[in-house]
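**Student:**
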Amino acid sequence: MAKGILIVDDASFMRMMIKDILTKNGFEVVGEAENGITAVEKYKELNPELVIMDITMPEMDGIQAVKEIKSIDPNSKIIMCSAMGQQAMVIEAIQAGAKDFIVKPFQHERVIEAVKKALS
48 MAKGILIVDD
58 ASFMRMMIKD
68 ILTKNGFEVV
78 GEAENGITAV
88 EKYKELNPEL
98 VIMDITMPEM
108 DGIQAVKEIK
118 SIDPNSKIIM
128 CSAMGQQAMV
138 IEAIQAGAKD
148 FIVKPFQHER
158 VIEAVKKALS
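What follows is the structure, given as structure tokens:
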């Protein structure tokens, strides 16, 4: 069963990689955003079942965007992405309401496992 996912990352190749992993595993990507501000707008517009969001982005970072999205929809499901060594930010993101996090570079199995867990 396809579920709508919004991908948020300032790097287009990262969005492309995540989208590729998801679509090959039967998930539907309903939108993409390159920063937190756009992510919040797209969330309101698309109402996706899941958001996969980078932490470090220009204009509005992922943590701030999680807080904004959670204030709009307390039941929103968000998975954070971070590079190695950002543990403090990951903890902050989880406290802000993120369900899980995946570390870059992505392992395909880990991405799918996190998505399935968040949607179950």
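The sequence shown runs 48 to 167 under my numbering.
Cβ atoms here follow ideal geometry from the backbone N, Cα and C, with glycine treated the same way.
All of these numbers come straight from a predicted model, not from anything done at the bench.
Let me check one thing: in DSSP terms, what residues is E75 bridge-paired to?
**Tutor:** Residue 75 sits at position 28 when you count from the first residue of the sequence shown. Note: E75 sits in a beta bridge opposite G51.
**Student:** Name the residue from E156, N122, I138 and A86 whose alpha carbon lies nearest to the alpha carbon of S129.
**Tutor:** Taking the sequence shown and counting its residues from 1, one reaches residue 129 at position 82. Closest option to S129, Cα to Cα, is I138.
**Student:** To the nearest angstrom, how far is it from the Cα of F148 to the Cα of D101?
**Tutor:** What you label residue 148 is simply residue 101 of the sequence shown in a count that begins at 1. What you label residue 101 is simply residue 54 of the sequence shown in a count that begins at 1. Cα-Cα distance, rounded: 9 angstroms.
**Student:** Just the C-alpha distance for K124 and A80, rounded to the nearest angstrom, thanks.
**Tutor:** Sequence index remark: in the sequence shown, residue 124 carries index 77 (1-based). Sequence index remark: in the sequence shown, residue 80 carries index 33 (1-based). Taking the straight line joining both Cα atoms gives about 16 angstroms.
**Student:** Have a look at the DSSP bridge pairing and note the partners of D147.
**Tutor:** As a position in the sequence shown, residue 147 is number 100, starting the count at 1. According to DSSP, D147 bridges with I126.
**Student:** Is D57 helix, strand or coil when you go by DSSP?
**Tutor:** Numbered from its first residue, the sequence shown carries residue 57 at position 10. Reduced to three states, the DSSP call for D57 is coil.
**Student:** What do you reckon, are the CB atoms on M63 and N82 nearer than 7 angstroms?
**Tutor:** To locate residue 63, count along the sequence shown from 1; it is residue 16. To locate residue 82, count along the sequence shown from 1; it is residue 35. No, the pair does not count as a contact, with Cβ atoms beyond the cut-off.
**Student:** Just reading off the beta strand (DSSP E) that I99 is part of, what are its end residues?
**Tutor:** Sequence index remark: in the sequence shown, residue 99 carries index 52 (1-based). Note, I99: beta strand (DSSP E), L97 to D101.
**Student:** Can you give the Cα-Cα distance for A140 and I159, rounded to whole angstroms?
**Tutor:** The residue labelled residue 140 in the question sits at position 93 within the sequence shown. The residue labelled residue 159 in the question sits at position 112 within the sequence shown. C-alpha separation (whole angstroms): 20 angstroms.
**Student:** Please classify F60 as buried or exposed, where buried requires at least 16 other C-beta atoms within 10 Å of its C-beta.
**Tutor:** On the sequence shown, position 13 is the one that residue 60 refers to. It counts as exposed.
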